[in-house]
Amino acid sequence: MQNNNISFTSKIRFVPWKTFSKMQKKNEILYFHDTPNILKADEFYSMDIRTCTGGGLTKPSTQEAEGFHFWDDRVTNKKANDNVISLIRFVKNPERGIILGGKRLRENPLSIPLFNKFKQLISERINNNLTVFGIHKNAYGQTHYHYDKKTDTWTICSEYIKSEKGPQRAVNSLGTLRNAFEEISIAPGDRLFIGNKEILPKDAPDIFK
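For the sequence shown, full-length UniProt numbering assigns the number 1 to the initial residue and increments by one for each residue that follows.
#1: Roughly how many angstroms lie between the CA atoms of ASN172 and ASP42, to the nearest whole one?
#2: Less than 9 Å between the C-beta atoms of ILE122 and GLY67, yes or no?
#3: What is the residue span of the alpha helix (DSSP H) that ARG178 lies within?
#4: For THR131, list the residues DSSP reports as bridge partners.
#5: If I'm right that PRO94 touches ILE126 with Cβ under 8 Å, what's the distance once you round it to whole angstroms?
#6: Run through DSSP, which three-state label would THR9 get?
#7: Assuming GLY56 and GLY101 form a contact by the criterion Cβ under 8 Å, report the distance between their Cβ atoms to the nearest whole angstrom.
#8: Could you tell me the distance, in whole angstroms, from the CA atom of GLU64 to the CA atom of LYS149?
#9: Which of helix, strand or coil does DSSP assign to ARG89?
#10: Per DSSP, what kind of secondary structure is ILE161 in: helix, strand or coil?
#11: Are the CB atoms of ARG13 and GLY195 within a distance shorter than 9 Å?
#12: How many angstroms separate the CA atom of ILE135 from the CA atom of TRP154?
#13: Using a threshold of 9 Å, state whether the C-beta atoms of LYS117 and ALA80 are closer than that.
#14: Please report the Cβ distance between ILE112 and ARG104, rounded to the nearest whole angstrom; I am assuming they are in contact, meaning their Cβ atoms lie under 8 Å.
#15: ALA170 and GLU159 look like a contact to me (Cβ under 8 Å); what is the Cβ gap, rounded to whole Å?
Structure representation (structure tokens):
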């Protein structure tokens, strides 16, 4: 019997680090320079997405999912199209996705161009069914994510410090979510939660497609 837990409505939930760190996680996607860092599995997670680009793709109709973590270097820039082709090879004709990361830093000039390139290439292949948490607003911002196919849930922890000596903050409200990312766009059908509170289109019509 086919497991029908994956639907065409993914759940995206932001949690604080304390919650994220205590989660039972397996299949970590690391961030090496010399590999695409793509993993197809029922469950996966990736950490420390700062200037890199991370995320994943799902195909609800065939119960498939994969995650990725692409470094923002010259090698990745040259192989961006090949990396997206690899994504499509692992999960053929993906239907939904999420992408996050990127940061405006002088010492990382490829971060934003690569994030935008991956966003465009992936979005074109999934008919714009792509949820975006793009470009960390703060120099000390970082994001971690976990995906569980059984519940079709993306659990995300985004942290940031506005200044080198400032307090560390985590996304725990709609306001802090806006403070964390320049671009926020929720794909049709996806549901956004911050903690246990669901953010509805009426709460933030500008971020829901």
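All residues carry an ideal CB built from backbone N, CA and C; glycine is no exception. Bear in mind that the values here come from a model prediction, so they are computed numbers and not experimental data.
By the coordinates alone:
#1: If you number the sequence shown from 1, residue 172 lands on position 172. If you number the sequence shown from 1, residue 42 lands on position 42. Rounded to whole angstroms, the gap between the alpha carbons of ASN172 and ASP42 is 27 Å.
#2: The sequence position of residue 122 within the sequence shown is 122, counting from 1. The sequence position of residue 67 within the sequence shown is 67, counting from 1. Their beta carbons are not under 9 Å apart, which means ILE122 does not touch GLY67 by this criterion.
#3: Sequence index remark: in the sequence shown, residue 178 carries index 178 (1-based). Looking at the DSSP string, the run of the alpha helix (DSSP H) that includes ARG178 is 174-180.
#4: By one-based count along the sequence shown, residue 131 stands at place 131. DSSP lists ILE98 as partners of THR131.
#5: Indexing the sequence shown from 1 puts residue 94 at position 94. Indexing the sequence shown from 1 puts residue 126 at position 126. About 5 Å; that satisfies the 8 Å criterion.
#6: Locating residue 9 in the sequence shown gives position 9, counting from the first residue. Here THR9 sits in coil by DSSP.
#7: Counted from its first residue, the sequence shown places residue 56 at position 56. Counted from its first residue, the sequence shown places residue 101 at position 101. At roughly 12 Å, the Cβ-Cβ gap does not stay under 8 Å, so GLY56 and GLY101 are not in contact.
#8: Stepping through the sequence shown from its first residue, residue 64 is reached at position 64. Stepping through the sequence shown from its first residue, residue 149 is reached at position 149. Roughly 8 Å between the two C-alpha positions.
#9: Numbered from 1 along the sequence shown, position 89 holds the residue referred to as residue 89. Reduced to three states, the DSSP call for ARG89 is helix.
#10: Here residue 161 is taken as the residue at index 161 of the sequence shown, counted from 1. Coil.
#11: Within the sequence shown, numbered from 1, the residue matching residue 195 stands at position 195. Within the sequence shown, numbered from 1, the residue matching residue 13 stands at position 13. Yes, these two residues count as a Cβ contact at 9 Å.
#12: As a working note, residue 135 is residue 135 in the sequence shown. As a working note, residue 154 is residue 154 in the sequence shown. Straight across, the Cα-Cα distance linking ILE135 with TRP154 is about 18 Å.
#13: In the sequence shown, the residue the question calls residue 117 occupies position 117. In the sequence shown, the residue the question calls residue 80 occupies position 80. In this structure, ALA80 lies closer than 9 Å to LYS117 by Cβ.
#14: What you label residue 112 is simply residue 112 of the sequence shown in a count that begins at 1. What you label residue 104 is simply residue 104 of the sequence shown in a count that begins at 1. The pair is a contact, with the Cβ atoms about 6 Å apart (cut-off 8 Å).
#15: By one-based count along the sequence shown, residue 170 stands at place 170. By one-based count along the sequence shown, residue 159 stands at place 159. 5 Å between Cβ atoms; contact.
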